[in-house]
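Undergrad: Under my numbering, think of the first position of the sequence shown as 297, with each following residue one higher. Glycine residues also receive a C-beta, built at the ideal position from the N, C-alpha and C atoms. All figures in this text were calculated on a predicted structure; none of them were measured in a lab.
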Amino acid sequence: SFIVGLILDKIRYYLPLHRQHQRLEACGIHMSRVTLTNLITRAAQLMEPVYLALFSSILQSKVLAMDETPVRAGRSKPGKMKKSYFWPIYGDKDEIVFLFAASRATTVVMDALEGFGGTLISDGLRVYERFANQMPGVTRAQCWAHVRRYFDEGKDAEPVLCNKALDYIADLFALEDRAKGSQPEERLALRAEYSRPVVNDFFTWLSEAFQQKVLLPSNPFTRAANYALDRRAALRVFLENPAVPLSTNHLERALRPIPMGRKNWLFCWTELGARVIGILQSLIASCRLQEVDCYTYLVDVL
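(1) Spell out a yes or no on whether the segment 449-457 and the segment 465-475 are touching, meaning 3 or more CB-CB pairs, one atom from each, closer than 8 Å.
(2) Tell me the start and end of each unbroken alpha helix (DSSP H) in the segment 471-547 that is at least 4 residues and wholly inside, in chain order.
(3) Taking the alpha carbon of Y347 as the point to measure from, which residue in L579, E587, V597, C583 has its own alpha carbon closest?
(4) DSSP three-state call for Y593: helix, strand or coil?
(5) Which residues in the same chain as D528 place their Cβ atom closer than 7 Å to its Cβ, once the five residues preceding and following it in sequence are excluded?
(6) How many angstroms separate the CA atom of V495 from the CA atom of R474?
(7) Rounded to whole angstroms, what is the Cα-Cα separation between G477 and L484?
(8) In three-state DSSP terms, what is Q438?
(9) Just the Cα atoms here: how many angstroms apart are Q318 and G324?
(10) From the DSSP output, in three-state form, read off I325 for me.
(11) Just to confirm, is the Cβ distance from E364 to F351 under 9 Å?
(12) Run the CB neighbour count on H442, radius 10 Å, all protein chains shown included, and call it buried at 16 or more, exposed below.
(13) Go through the segment 398-427 residue by residue and report every complete run of the alpha helix (DSSP H) that reaches 4 residues or more, in order.
(14) Could you spell out where the alpha helix (DSSP H) holding S372 opens and where it closes?
(15) Count the other C-beta atoms from every protein chain shown that fall within 10 angstroms of the C-beta of K358, then say buried if there are 16 or more, exposed otherwise.
(16) Going straight from the alpha carbon of T518 to that of I465, what length do you get?
(17) With distances taken from CA atoms, which of T402, P312, V434, R532 is nearest D411?
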């Protein structure tokens, strides 16, 4: 229970070990910070088989959501930390793993999703597109929330055009809210009847906007429109598959503890420490998604 308390304070409540060490000292419990670090590391090593089983379960999904978020881990030179990444992968049974890797190379996705066959929904990072092109049986889907983000960032420079684009996208999300909780056949029918015309009108309007108004390549609307038009095929995938969500917002919510923790513990001193965080965060986040009490579960496993 003491070890699980250390883990939850750091991983779920973002309390760095040096602050936990100070609290223990104030309570008259004298343990070195190295001991606290070793306890958490050893616990993660013991639970790694559960993490691997969780990863295996996720790779059996028909629809995966994947993203990446930066973390400083390991020293590149005195006073400088390496920029590395956590790659959260969300399965269709509400399970998530946080894979740690030192880069955003295509090989990371290739190695992580080896053997996966289904639909991968993500943001517009090209590594996902290259992965889907090289893997037969994998369909690439694109997140509409990321498209919306680009138009939202450009509305100060081009308010009329960007706000019209945002209205189209808002209609799509409103239609998805209507379909929430429906059976797959019903959801597919609703998308075909209502969402498909909105998507068609959106891309037709985007193409006409370029013909009617000359805009510089650096214009925020131009960048946002090119982002959407370049990925129109991937953005239409949800219309054909009722299991594919409109966005990766569910994944964004689940990965939030990483950037929140990064604001408190700032970095991982070693790459091993980052892998430990990935293992523990995977189990804790999946517990929360499954509405399992993290404390009870981790104590029982250990």
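TA: Reading off the structure:
(1) Not touching, per the Cβ criterion.
(2) Within the segment 471-547, the complete alpha helix (DSSP H) runs of at least 4 residues are 480-486, 492-508, 516-526, 528-531.
(3) Within the sequence shown, the letter at position 51 stands for residue 347. Out of L579, E587, V597, C583, L579 has the C-alpha closest to the C-alpha of Y347.
(4) Position 297 of the sequence shown holds residue 593. Assigned with DSSP and collapsed to three states, Y593 falls in helix.
(5) Residue numbering aside, residue 528 sits at position 232 when the sequence shown is read from its first letter. Per the sequence shown, residue 528 should be read as Arg rather than Asp. Result list for R528: F499, in chain order.
(6) Counting from one through the sequence shown, the residue named residue 495 turns up at place 199. Counting from one through the sequence shown, the residue named residue 474 turns up at place 178. Cα-Cα distance, rounded: 16 Å.
(7) As a working mapping, residue 477 is identified with position 181 in the sequence shown. As a working mapping, residue 484 is identified with position 188 in the sequence shown. Each residue's Cα considered, the two are about 12 Å apart.
(8) Within the sequence shown, numbered from 1, the residue matching residue 438 stands at position 142. Reduced to three states, the DSSP call for Q438 is strand.
(9) Residue numbering aside, residue 318 sits at position 22 when the sequence shown is read from its first letter. Residue numbering aside, residue 324 sits at position 28 when the sequence shown is read from its first letter. Between Q318 and G324, the C-alpha separation is close to 10 Å.
(10) Translated into positions along the sequence shown, residue 325 becomes position 29. DSSP places I325 in coil when its eight states are reduced to three.
(11) Mapped onto the sequence shown, residue 364 falls at position 68. Mapped onto the sequence shown, residue 351 falls at position 55. In this structure, F351 does not lie closer than 9 Å to E364 by Cβ.
(12) For the purposes of this step, residue 442 is taken as the residue at position 146 of the sequence shown. H442 is buried by the Cβ-count criterion.
(13) Listed in chain order, the complete alpha helix (DSSP H) runs (minimum 4 residues) inside the segment 398-427 are 402-408.
(14) Stepping through the sequence shown from its first residue, residue 372 is reached at position 76. Premise fails: S372 lies in the beta strand (DSSP E), 365-373, not in any alpha helix (DSSP H).
(15) On the sequence shown, position 62 is the one that residue 358 refers to. Result: exposed.
(16) Counting from one through the sequence shown, the residue named residue 518 turns up at place 222. Counting from one through the sequence shown, the residue named residue 465 turns up at place 169. Between T518 and I465, the C-alpha separation is close to 17 Å.
(17) For this step, residue 411 is matched to residue 115 along the sequence shown. Here residue 411 turns out to be Gly, not Asp, going by the sequence shown. Taking only the C-alpha atoms, the option nearest G411 is V434.
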